[in-house]
Amino acid sequence: MPDLPTPQDAAEAALFSECWDAVLSYADLCTSGSLTANQLATEAFTLGMREAREADFAPVRSSGRRAARLPMIPLLLTAVRNTAAAWEAGGLGHKLDPDLRLWLNSEKAARYTGPPLQRPVALRGLRDMQEADASLLWLAEVEALPLSAVARRLGLDPTVVAQELEQVRGLFRDRCHRAHLDTPMEAECRSYARLLDAVTRSSAADTPDDLSRHLATCVQCAEAAACLRLHGGGLPAALAGGVIGWGGLAYLERRRRAAEVRLGAGRPAIAEIEGGDPKESGGRGKVLRHGLLGAAVLISLVALGVSMMPMGGGSGDDTASASHDDRQPVADPSAGVPSTDPTATHTASASTTPSASATTGKPGHKNPDPEPQGTSSATASTGHHGDSSASAEPSAPAAASCQVSYDLVNQWTDGFQSTVTVTTTQALTGWRVQWSFRDGQKVTQMWDATVSQNGGRVTADAADYNQSVAANGALSFGFLGTWSGSNSAPYAFTLNGSSCSLN
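And the structure:
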């Protein structure tokens, strides 16, 4: 196993600490245990940093821009995926998650490394942006950092970062639209390209039935639609799935929970480094670097540990399955941050707490995602079938007049993706949205809310970070589900127990 590269200065040391827990979190999704996760993360981190440094020293093109590349964190995450593929090809596939192995040997994985014009639209759109713009989009949408933290990290003015993010979202949409038009496609897909662009520009635009049917059967156009539709809360999932590939939604959920922990723990050491001069003397830089990495140990461990905790109890079967899984989350301090000592060995002690991805690849756990995902902690919440406690109302909910918009984003043979947007006339400090399915649909994964289901009745509770909704404001969340026979729209929506009208 290669040693991690040594940071060249204090600025790069700060970059290492910011990226390492993201790399380790995804590596843990991809592997069968904590020691293997640390090994995969170390190898991928070394590969990704080497690629980034080579790109920094590449000659500038005649246009005045360097060759396009992904921002640092998604660059390192793709290095994890590529390293996992190398393990599979080199006979080390037994160390990887079984579902990931299946994905790596499918045509879905080949899209990410095949001909450039056939790669996912989100991947091409993000790579085609200026690196600073792409970093802003990724940190805000996927890493779920507050805009104040994003502004500090990127050196932006906190008072205008929100407007810059809106502009960057628009730029990403334009790049994705152009990438979609450049993609070799069937005549039917080409005939829908202009209509797809039009209906995704506005949240009020209705999707014609023929286009809806086409999106239900064409993965290529459905991916493009997810990137072009900036409203509805689906952009983070489109980015994570399109750039990372396997495990994108599970990674997205982990990073959101890790960001919540970081906000509570604070990062004074990193803030001091970010505000300092990267050209400090070697002695002072070394002291700052060691202090930074020491603080990052605690932060990474807390963030990663909480991100891998289940978000609620599952059914008895799920609990029993998880208790027999030998997969363990990374818990050793030596695995929390990269070591700058080339002689240091990277070990991790086994934890007695099963990983949140323990159900991945277990018999009987069907994954409805058209591109298999690492198990999100939100999945565990779907095990409340028949549990009367799952439908308990939140304490003192505020009744509100509301309108619901249900959007079927994508549908395939036995699964679908949807978003729910609820507009409320009253300010909320906590919310619960409920609805019923007619045709036996089951929610398998949810983001921006925690889910439980009892028969056809589904309950979505606010996440910790989106409890508050302003008067006349909107809340939004998305989910994946399974269906068989028919997939009609849900009915009987309520917000905190009050009926909502369906748009």
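My numbering applies: residue 30 is where the sequence shown begins, and numbers increase by one. By construction, the Cβ of each residue, glycine as well, lies at the ideal position given by its N, Cα and C atoms.
Would you decide whether residue i is buried or exposed? Buried here means 16 or more other CB atoms lie within 10 Å of its CB.
i       : result
Leu-524 : buried
Tyr-520 : exposed
Phe-237 : Just to set this straight, residue 237 is Pro in the shown sequence, not Phe. Exposed is the call here.
Ala-114 : buried
Leu-165 : buried
Thr-142 : exposed
Ala-178 : buried
Gln-482 : buried
Asn-67  : buried
Asp-493 : exposed
Arg-25  : Residue 25 lies beyond the stretch modelled for the chain, which goes from 30 to 532, so this question has no answer here.
Phe-45  : buried
Val-462 : buried
Gly-184 : exposed
Gly-62  : buried
Using 7 Å as the threshold, is the C-beta distance between residue i and residue j below it?
i       : j       : result
Trp-464 : Ala-491 : no
Thr-479 : Gly-510 : no
Thr-452 : Ala-499 : no
Thr-65  : Lys-124 : yes
Ser-517 : Asp-468 : yes
Thr-229 : Ala-269 : no
Ala-288 : Ala-173 : yes
Val-150 : Leu-105 : no
Leu-176 : Ala-163 : no
Between the alpha carbons of residue i and residue j, how many angstroms are there, rounded?
i       : j       : result
Gly-341 : Gly-507 : Note on Gly-341: pLDDT 41, under 50, position unreliable in the model; the coordinate value appears next. Going by the C-alpha atoms only, they are around 18 Å apart.
Leu-133 : Arg-286 : 27 Å
Cys-250 : Arg-486 : 31 Å
Ser-527 : Trp-116 : 53 Å
Pro-100 : Arg-153 : 12 Å
Glu-80  : Arg-98  : 10 Å
Glu-160 : Asn-111 : 21 Å
Arg-90  : Asp-157 : Caution applies to Arg-90, whose pLDDT of 46 falls short of 50 and renders its modelled position unreliable; the value that the coordinates give is listed next. Spanning the two alpha carbons is a distance of roughly 14 Å.
Ala-324 : Cys-59  : Residue placement at Ala-324 cannot be trusted, given a pLDDT of 44 that sits under 50; what the coordinates show is reported in the next sentence. Cα to Cα, Ala-324 sits roughly 26 Å from Cys-59.
Asp-50  : Trp-476 : 21 Å
Tyr-221 : Ala-234 : 15 Å
Glu-83  : Val-109 : 18 Å
Thr-450 : Trp-512 : 21 Å
Thr-488 : Phe-466 : 11 Å
Leu-531 : Ala-208 : 35 Å
Gly-262 : Phe-201 : 15 Å
Gly-295 : Ala-169 : Low local confidence applies: a pLDDT of 45 at Gly-295 is under 50, so the model's placement there is unreliable, and no value is given.
Leu-146 : Phe-74  : 27 Å
Gln-470 : Leu-194 : 36 Å
Thr-458 : Ser-497 : 4 Å
Ser-505 : His-260 : 10 Å
Leu-264 : Val-272 : 12 Å
Asp-203 : Val-248 : 20 Å
Gly-277 : Thr-188 : 31 Å
Among the options, which has the Cα closest to the Cα of residue i?
i       : options                               : result
Leu-225 : His-206, Pro-213 and Ala-216          : His-206
Val-23  : Phe-522, Leu-106, Glu-217 and Ala-51  : Because the chain spans 30 through 532 in this model, residue 23 falls outside it and cannot be assessed.
Ser-515 : Val-197, Gln-440 and Thr-450          : Gln-440
Ser-447 : Thr-454, Gly-274, Ala-456 and Tyr-435 : Tyr-435
Leu-257 : Ser-54, Asp-162, Met-214 and Leu-210  : Leu-210
Glu-47  : Arg-284, Gln-496 and Thr-454          : Arg-284
Gly-274 : Pro-175, Ala-139, Thr-75 and Phe-201  : Ala-139
Ala-279 : Val-171, Leu-185 and Phe-445          : Val-171
Leu-240 : Cys-218, Thr-454 and Glu-252          : Cys-218
Gly-77  : Asp-493, Asp-57, Val-197 and Pro-103  : Pro-103
Ala-118 : Ser-54, Arg-130 and Thr-107           : Arg-130
Ser-232 : Pro-213, Leu-437, Gly-484 and Gln-455 : Leu-437
Trp-167 : Leu-281, Asp-57, Asn-495 and Pro-127  : Leu-281
Lys-137 : Ser-430, Val-197, Glu-252 and Gly-120 : Glu-252
Thr-212 : Ala-456, Cys-529, Pro-144 and Asp-126 : Pro-144
Asp-126 : Gln-192, Ala-180, Ala-266 and Tyr-55  : Tyr-55
Residue range of the beta strand (DSSP E) that residue i falls in?
i       : result
Gly-510 : 503 to 511
Phe-445 : 444 to 453
Phe-522 : 520 to 524
Arg-461 : 461 to 465
Cys-247 : Per DSSP, Cys-247 belongs to no beta strand (DSSP E) and is neither H nor E.
Cys-431 : 431 to 440
Trp-476 : 471 to 476
Asp-162 : Here Asp-162 belongs to no beta strand (DSSP E); instead the alpha helix (DSSP H) covers 160 to 170.
For the alpha helix (DSSP H) containing residue i, name the first residue and the last one.
i       : result
Ala-113 : 101 to 118
Leu-176 : 176 to 183
Thr-142 : It is not in any alpha helix (DSSP H) - Thr-142 carries neither H nor E in the DSSP assignment.
Trp-132 : 127 to 133
Val-272 : 264 to 273
Any heavy atom of the ligand PLP closer than 6 Å to the Cβ of residue i?
i       : result
Cys-529 : Looking at this structure, you won't find the ligand PLP or any other ligand, since it has none at all.
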